[in-house]
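Heads up, the thing below is written out as structure tokens.
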Amino acid sequence: MFKLEILKKNNSMYWTEIFRSEIEAQTWLTEEQTRDYWSKDFKVTITNITPAPMSKAESDLVATKVVAKEKSRRDFLDLDLSKIGTVKELVSVLKAVQEILRD
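Quick note, this note's numbering runs 1342 ahead of the 1-based positions in the sequence shown.
Here it is in structure tokens:
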């Protein structure tokens, strides 16, 4: 992903746009520069904002969280709600449901 920024002469922002590739950004810019409103005083930057790929450790951590979340959901679905006997147990189950839904 590439961010194209056009600044006015005083460095205030005139325009910003995100593109999938640098070629798309450059093509768009080339077309814009032919327009009547284009100013020779505009300053243009094109910045690569592509997120860095995850490291193996980050990827493993995400996978571990996904697996744990799925296990929590399965455990909840397997829960026998008829065995809830007290308000305290019900509150505990509802808190667990809230955690599952939050994620």
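Every residue gets a Cβ at the ideal spot worked out from N, C-alpha and C, and that includes glycine.
Every value quoted in this text rests on a predicted model; they were computed, and no experiment measured them.
Task: Inter-residue spacing [alpha-carbon to alpha-carbon] between M1355 and M1343 - done: Whole-angstrom Cα-Cα distance: 20 Å.
Task: Host beta strand (DSSP E) of T1358 (start-end) - done: Per DSSP, T1358 belongs to the beta strand (DSSP E) from 1355 to 1361.
- [ ] Measure the C-alpha to C-alpha separation of A1405 and A1394 and round it to an integer number of angstroms.
- [x] Looking at the two C-alpha atoms, the distance is approximately 18 Å.
Task: Three-state secondary structure (DSSP) of I1388 - done: The answer is strand: DSSP assigns I1388 an E or B state.
Open item on the list: Spatial neighbours of F1418 within its chain, please: C-beta separation below 7 Å, excluding the five flanking residues on both sides.
Closed with: Excluding sequence neighbours, F1418 sits near A1438, V1439, I1442.
- [ ] Determine, using beta carbons only, whether V1361 and W1370 come nearer to each other than 8 Å.
- [x] The question names Val, but residue 1361 in the sequence shown is Phe. Yes; because the gap between Cβ atoms is below 8 Å, this pair is in contact.
Task: Same chain, Cβ closer than 6 Å to W1357, neighbours up to 5 away in sequence not counted - done: In chain order, I1348 place their CB closer than 6 Å to the CB of W1357, counting only its own chain and leaving out the 5 sequence neighbours on each side.
Open item on the list: Using a Cβ-Cβ cutoff of less than 6 Å, which residues in the same chain neighbour T1387 once the five nearest sequence positions on both sides are dropped?
Closed with: Taking T1387 as the centre and dropping the five residues before and after it, the same chain places the C-beta of E1347 closer than 6 Å to its C-beta, in chain order.
- [ ] Please classify A1367: is it buried, with 16 or more other beta-carbons within 10 angstroms of its beta-carbon, or exposed?
- [x] With 16 or more other Cβ atoms inside 10 Å of its own Cβ, A1367 counts as buried.
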